[in-house]
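The next block holds one structure in the form of structure tokens; read it before the comments.
In the numbering used here, the protein residues as written are 903 to 1167.
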């Protein structure tokens, strides 16, 4: 433990933590669950990726530059968009992919601008020690929300196809016919964030707050940052999902307001 009260984890201390993965491996072998390769790959990727980003951040923090900060955030955003594509149905069409990307870029950009200019009031605005970690948390949570929104929209359009067509036959517009599906997809996308907010502070201490406390920050100072970030996450997820849903539902209808038949499972 150093003079600031923080614990410096040596190589051997970190290596000792891999015992937990060996326990997981042992359990799945006993239960004959074929996940050994996946766990090994996930552990290796996590380790290498975190080491790599650690060295990158050391350089970025030492030589801060707005172009580098924006480039890192842009790379995170591109990777998040790719992950949404990967986690949703393989049959997702190109127009829907464009709407996912557009919604995520707009929602995250608007939220980050407000966070930097109004909430955090960073000076300089591109301060990488704050901009990059907070941007990463917002992008990561938004990625999960959008993936859930996309999945529920596609599932709803397939399962409720008869109801949508019936509503169209009775004179409803595409927006009216798909309103329930859109609302359910929005609810499913936002629910994990709301559940996290409900349990935060009582059931668990969030990662950012824990990290700041371990680094020697006052718990109250850590709380202020965590509250600001979680409110930003909730707002970003909501904004992004609203943009996506109100753009994407139109892709399920023709220019003559006819429902495009989808394959059912």
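In this text, a Cβ means the ideal position worked out from N, Cα and C, and glycines have one as well. Predicted model, so just to flag it, every value in this text is computed and none were measured.
Rounded separation between residue i and residue j - CA only
i            : j            : result
residue 935  : residue 915  : 29 Å
residue 1028 : residue 955  : 18 Å
residue 1040 : residue 1047 : 11 Å
residue 1024 : residue 967  : 14 Å
residue 953  : residue 1067 : 52 Å
residue 1090 : residue 1053 : 9 Å
residue 1158 : residue 997  : 18 Å
residue 1167 : residue 970  : Confidence at residue 1167 is low in this model, with a pLDDT of 46, below 50, so its placement is unreliable and no value can be given for it.
residue 853  : residue 1016 : With the chain covering only 903 through 1167, there is no way to say anything about residue 853.
residue 1002 : residue 926  : 35 Å
residue 1082 : residue 1125 : 37 Å
residue 958  : residue 1127 : 24 Å
residue 1005 : residue 1145 : 5 Å
residue 1123 : residue 1026 : 20 Å
residue 1121 : residue 1074 : 54 Å
Test item: CB-CB of residue i and residue j under 8 Å
i            : j            : result
residue 1057 : residue 1138 : no
residue 1149 : residue 1084 : no
residue 937  : residue 930  : yes
residue 994  : residue 984  : no
residue 982  : residue 1051 : no
residue 1078 : residue 1087 : no
residue 1071 : residue 1102 : no
Anticipated Cβ contact below 8 Å, residue i with residue j, distance rounded
i            : j            : result
residue 1142 : residue 1036 : Not confirmed; about 16 Å, so no contact.
residue 1033 : residue 1021 : Actually they are not in contact, since the Cβ atoms of residue 1033 and residue 1021 sit about 12 Å apart, beyond 8 Å.
Nearest to residue i (by Cα), restricted to the options the options
i           : options                : result
residue 945 : 1123, 919, 983 and 932 : 919
residue 977 : 1140, 1007 and 948     : 1007
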